[in-house]
Amino acid sequence: MTDDQSKSIEKQPKNNPTPHSQAPSKGLPAQKSAQAGTAASSTVAKANTKTTNTPEPQIKKVDIAIAGVTYPIFCPVHEQEELLSAVSYINNYALDLKREAPSLSQESILVLCCLNLYEKIHANQRSDEDRLQHEKQSQALLNKIMKDAHSIL
82 MTDDQSKSIE
92 KQPKNNPTPH
102 SQAPSKGLPA
112 QKSAQAGTAA
122 SSTVAKANTK
132 TTNTPEPQIK
142 KVDIAIAGVT
152 YPIFCPVHEQ
162 EELLSAVSYI
172 NNYALDLKRE
182 APSLSQESIL
192 VLCCLNLYEK
202 IHANQRSDED
212 RLQHEKQSQA
222 LLNKIMKDAH
232 SIL
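As structure tokens, this is what we get:
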């Protein structure tokens, strides 16, 4: 879901001539040079077929809008729905901030959105840790009760 992927897609080489298809060197007869060029071409063709067999991830340009500003994002097709869901959440929060403090710049709004998201993530991590601790304590108490019950019987 980043813009970096577009750069890697755009930088793919176009059909450049291979270094083996240059003019024959002075020391080799023309026939041997042509044979070497044919062998090199078939090697390059085999290498090209190997690289084209691996499926490329489907990347789609998605224009998102946060607080009235549009940003182009390059996103894998299978993540587009999740991206749009995140944009909806962030946009609603950003618009609420903009209503409460209309003098905030777009940059300040986005910084506050990031800080809010961090706070939510951190709170979820803490609650997960607390839940695990409570589960351990509950399991220990249950084990003690079971041990005491067995000793009585």
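Residues 82 to 234 (this note's numbering) make up the sequence shown, in order. No residue lacks a Cβ here, since even glycine has one placed at the ideal position from N, Cα and C.
- When secondary structure is reduced to three states using DSSP, Ala182 falls in the coil class, being assigned neither helix nor strand.
- In this structure, the alpha-carbon of Ser169 lies about 46 angstroms from that of Asn224.
- Within a 10 Å sphere around the beta-carbon of Ala175 sit 16 or more other beta-carbons, which makes this residue buried.
- Looking at the DSSP output, Ala146 sits in a beta bridge with Thr151.
- In its chain, beyond the 5 residues on either side, Leu178 have a beta carbon closer than 7 angstroms to the beta carbon of Leu193.
- Membership of Val192 in the alpha helix (DSSP H) is indicated by the continuous run 187-233.
- Assignment of beta-bridge partners to Ile171 by DSSP yields no partner.
- Judged by their CB atoms, Ile145 and Pro157 are not nearer to each other than the 7 angstroms cut-off.
- Take Gly149, set aside five residues on each side of it, and no residue of its chain has a beta-carbon closer than 6 angstroms to its own.
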